[in-house]
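Numbering (UniProt numbering), first residue to last: 1 to 135.
Written below as structure tokens is the structure these notes are about.
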């Protein structure tokens, strides 16, 4: 397993979700999105952001408007559409479910480490039982 590749894929998987969240707070300029994503340590470059914004617009999740700038050309500000807000609500529910599931799994590992004083057991003890799949 290539850890660096896995980390990149995990970040890419939540990038759209994070972008929709950022835009949901109000109209925003793309470079401000880049700044926020970078400060949150979700590394993204313009070459990734702009095609993603175009894809989200083509899917009807966001729109933009041009605003005149006093320091140069007009700026494109992005806003969520109603479909974008509805999609974000659905993604929020999915995120909560995933976060709970992952935390449950990670929590069991941490609990096991505490019980074994940091030692990781490779084989189960003879008296351990496997819980039913629906537990």
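Think of the CB as a built atom: it goes at the ideal place given N, C-alpha and C, for glycine as much as any other residue.
Complete beta strand (DSSP E) runs within the stretch 9-45 (minimum length 3 residues, chain order): none
Cβ-Cβ separation, residue 79 to residue 61 (assumed contact under 8 Å), whole Å: Actually they do not touch by this definition, with Cβ atoms about 10 Å apart.
Inter-residue spacing [alpha-carbon to alpha-carbon] between residue 39 and residue 33: 10 Å
Residue 108 versus residue 115 - alpha carbon distance: 10 Å
Neighbour-count burial assignment, residue 84, 16 or more Cβ in a 10 Å radius: buried
Reference residue 86, options 21, 106, 112, closest by Cα: 21
Span separating the alpha-carbon of residue 99 from that of residue 76: 33 Å
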